[in-house]
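In the numbering used here, the protein residues as written are 1198 to 1686. Ideal Cβ positions, reconstructed from N, Cα and C, are used throughout, including at glycine.
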């Protein structure tokens, strides 16, 4: 974080400083002029000397309960909604999460004023974290780049990432997720992106949003406040995303597999070793046009190590944003080719011993990402090799849950997946649907628990098997995937 005095932090957050008896980690007294430039966090376990600790109330516990541990670890300032009996500087605010966002807004504005920081915002129902990681890999080649750890993309994680920005930062990649209307708009107001990327509008979290139209409205917030001088990077292959072009003042740069996209991929070839494709970039002076054909530009072959054709769209989005920032095509391709996995638990290839390959893609699951992963499994298997899909619940689908689980069960049958293993009561409908569709005799199995599924799989998987493990984060199948990966390593 940039250096700010306690008084400046109080002004930015509209809080009240409590300094009576407050001392700093070095034992000196805290004053309004005390400078703080440590990291900010809502997790007392991450506090380092000189840090700001935001005591965030939660659904299960309250960050105020962990303030003593934060002080012991060296916190220089506590941001609290009620005063605590601790000998450290405290900033009293009505809402610590709002204060976190206010401080992030102030830090970004100050660094922005230096004229050296470019910000890219990324949203979409799927692919945000992968796109963020790809873009970070590209931009790090040019200068200091800040991007979220894991999926820090909500009202807490996004501003925590923004507060890592310093005067030396040249690029900030801000991943912006939401579970309701207005949340992305708040993050956009904090960061004010120069480039806004929208990847896809699908049924992920549709239950929380209240339907696909509200999901569309929420994702549109990424581009609706962009300025004429900004760029909206939009997926031409997704009609809902394409409709956003009429709702932004920014220049539009299209990406996709559609021939009309300015940034597009052709000759896409998926294997168990990754995905190869030809990347086409337009001339910078024509990047706002939808029609990519016939326009001067450059093309390169990309040997993309990330598994799954669906991740090509994320690579295109990252390439489009980087191209807008003036990054040359060879730097873009070189960086894309260095990325070996999308993220932990996202199409992560494990195992290999005894000829069994485990693909752990169970960090999250929406109907779109579930379908894409199963299609990838079907595509990459060599003739004579067996495909095994270990699937769990897709959560947060609300009224769409039943029919979407049905659709995945049907898809597994129609793609010819050899063995379907359904885990957990909430996912049982996929098993029933697959049986009804295929009249299978043992090709679909159901297990109540991960232990039961592991016992079956560890004893029946054989050489040549490729196993996909996929579920929503709440279903926890990522741990089953890790367990299988370790067993077959």
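Item: With C-beta atoms as the reference, is residue 1301 less than 8 Å away from residue 1289?; Value: no
Item: Just checking, does the segment 1256 to 1264 make contact with the segment 1232 to 1241 on the three C-beta pairs under 8 Å criterion?; Value: yes
Item: Please report the distance separating the alpha-carbon of residue 1355 from that of residue 1388.; Value: 9 Å
Item: Applying the criterion that 16 or more other CB atoms from any shown protein chain within 10 Å of the CB defines a buried residue, is residue 1230 buried or exposed?; Value: exposed
Item: Compute the Euclidean distance between the alpha carbons of residue 1200 and residue 1249, then round it to the nearest angstrom.; Value: 12 Å
Item: What three-state label does DSSP hand residue 1668 in the structure shown?; Value: coil
Item: Taking the alpha carbon of residue 1367 as the point to measure from, which residue in 1246, 1607, 1589 and 1519 has its own alpha carbon closest?; Value: 1519
Item: Tell me the rounded alpha-carbon separation between residue 1326 and residue 1298.; Value: 21 Å
Item: Measuring CA to CA, which of 1626, 1633, 1625 and 1504 is closest to residue 1571?; Value: 1504
Item: Taking Cβ to Cβ, would you say residue 1516 is nearer than 8 Å to residue 1478?; Value: yes
Item: If we count the other Cβ atoms within 10 Å of its Cβ and call it buried at 16 or more, is residue 1656 buried or exposed?; Value: exposed
Item: Here's the rule: buried if 16 or more other CB atoms are within 10 angstroms of the residue's CB, otherwise exposed. What is residue 1550?; Value: exposed
Item: Where does residue 1205 sit, in a helix, a strand or coil, going by DSSP?; Value: helix
Item: Using 10 angstroms around the beta-carbon of residue 1463, count the other beta-carbons present and answer buried if the total reaches 16, otherwise exposed.; Value: exposed
Item: Over the uninterrupted beta strand (DSSP E) stretch that includes residue 1450, give me the two end residues.; Value: 1448 to 1453
Item: Within the same chain, show all residues whose beta-carbon is closer than 6 Å to that of residue 1602, passing over the 5 residues directly before and after it, in chain order.; Value: 1626 and 1627
Item: At which residues does the alpha helix (DSSP H) containing residue 1303 begin and terminate?; Value: 1293 to 1309
Item: Spell out the partners DSSP gives residue 1368 in its beta bridges.; Value: 1315 and 1342
Item: Report all residues from its chain with a CB closer than 7 Å to the CB of residue 1425; omit the five preceding and five following residues, and keep chain order.; Value: 1446 and 1447
Item: Count Cβ pairs between the segment 1524 to 1537 and the segment 1637 to 1651 that sit closer than 8 Å; are there 3 or more?; Value: no
Item: Which word fits residue 1496, buried or exposed, when buried means at least 16 other C-beta atoms lie within 10 angstroms of its C-beta?; Value: exposed
Item: Can you grab the Cα-Cα spacing for the pair residue 1474 / residue 1452, in whole Å?; Value: 14 Å
Item: Mind checking which residues open and close the beta strand (DSSP E) that includes residue 1464?; Value: 1460 to 1468
Item: What is the rounded straight-line gap between the Cα of residue 1639 and the Cα of residue 1619?; Value: 12 Å
Item: When you compare each of 1677, 1594, 1438 and 1632 to residue 1545 by their alpha carbons, which one comes out closest?; Value: 1677
Item: How far does the alpha helix (DSSP H) with residue 1626 in it extend, from its first residue to its last?; Value: 1625 to 1635
Item: Considering just the uninterrupted stretch of the beta strand (DSSP E) at residue 1358, what are its terminal residues?; Value: Careful: residue 1358 lies outside any beta strand (DSSP E), inside the alpha helix (DSSP H) at 1354 to 1359.
Item: Classify residue 1676 as helix, strand or coil using the three-state DSSP reduction.; Value: helix
Item: In the DSSP assignment, what are the bridge partners of residue 1259?; Value: 1254
Item: Excluding the 5 residues preceding and the 5 following residue 1316 in the sequence, name in chain order all residues of the same chain whose CB lies nearer than 7 Å to its CB.; Value: 1369, 1371, 1388, 1389, 1390 and 1391
Item: Given this structure, state the Cα-to-Cα distance separating residue 1414 from residue 1421, to the nearest angstrom.; Value: 10 Å
Item: Are the beta-carbon atoms of residue 1293 and residue 1252 separated by less than 8 Å?; Value: yes
Item: Residue 1674 to residue 1668, Cα distance in whole Å?; Value: 6 Å
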